[in-house]
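Below: the structure, in structure tokens.
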Amino acid sequence: MKGYHNKPKETEETMLDGWLRTGDIVRYNEDGFLFVTDRLKELIKVKGFQVAPAELEELIRAFPAVEEAAVIGIPHPNHGEVPRAYVVPKKDTSLVPDELDKFVASKVANYKRLSGGIEVVDAIPKTPSGKILRRQLKVMHQQQGR
19 MKGYHNKPKE TEETMLDGWL RTGDIVRYNE DGFLFVTDRL KELIKVKGFQ VAPAELEELI
79 RAFPAVEEAA VIGIPHPNHG EVPRAYVVPK KDTSLVPDEL DKFVASKVAN YKRLSGGIEV
139 VDAIPKTPSG KILRRQLKVM HQQQGR
């Protein structure tokens, strides 16, 4: 890639010494396969620590009563941001947010806990390709006056 058409600033921010910086966060498994796990822009900064929403979403989806999950960072006066989860329950199940909160808290470091709360929703907003529309969740949070 030579750059973005008529966008020198974006090209300069993305290209470095001939390398394209995608902003993807990846990991390799023991067999050498590469997995995209998150986006740098989506990281939640809690007290100087970085929290990957995808990591928490995967953990939340492992909870038996959860069908889908999305995590965003919401403003916090002392910590910068804290994680907040939006969850869609599985059909014919009873999802108790306090139980989910305890489940997550038992498996993560304190700064990764869902300190911003858990909201049960009917659906997670997504793009046509299935990506979570985190901006819509942030707007929804702001509109609720929180």
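Take 19 as the starting number for the sequence shown in the working numbering and just add one per residue.
We put the beta carbon where it would ideally sit given N, CA and C, even for glycine.
The structure displayed is predicted, hence computed values, not measured ones.
Residues that DSSP places opposite residue i in a beta bridge
i, result
"VAL126", "None; VAL126 has no bridge partner."
"GLN68", "LYS63"
"LEU34", "TRP37"
"GLU137", "TYR104"
"LYS144", "ILE150"
Cut-off 6 Å between Cβ atoms - residues of its own chain near residue i, not counting five sequence neighbours on either side
i, result
"THR29", "GLY21, TYR22"
"ARG79", "ALA87"
"THR111", "ALA83"
"GLU137", "TYR104"
"GLY134", "ILE92, VAL100, PRO101, ARG102"
"PRO115", "ILE136"
Environment of residue i [buried if 16+ CB atoms lie within 10 Å]
i, result
"GLU76", "exposed"
"TYR46", "exposed"
"GLY50", "exposed"
"ARG152", "buried"
"LEU118", "buried"
"LYS130", "buried"
"LEU74", "buried"
Neighbourhood of residue i by C-beta distance below 7 Å, restricted to the same chain and skipping five residues each side
i, result
"PHE121", "PHE81"
"LEU155", "ALA88, ILE90, TYR104, PRO143"
"GLY148", "none"
"LEU113", "ALA83, VAL84, VAL105, PRO107, VAL138"
"THR253", "The structure shown does not extend to residue 253, since the chain spans only 19 to 164, so no value can be given for it."
Cut-off 8 Å between Cβ atoms - residues of its own chain near residue i, not counting five sequence neighbours on either side
i, result
"LYS108", "PRO82, ALA83, VAL84, GLU85"
"VAL139", "TYR104, VAL105, VAL106"
"HIS159", "ILE90, ILE92, ARG102"
Counting pairs of beta carbons, one from the stretch 20-39 and one from the stretch 67-74, are three or more of them closer than 8 Å?
-> no
Can you check the stretch 76-133 for any alpha helix (DSSP H) of at least 4 residues that lies completely inside it and give the ranges in chain order?
-> 115-123
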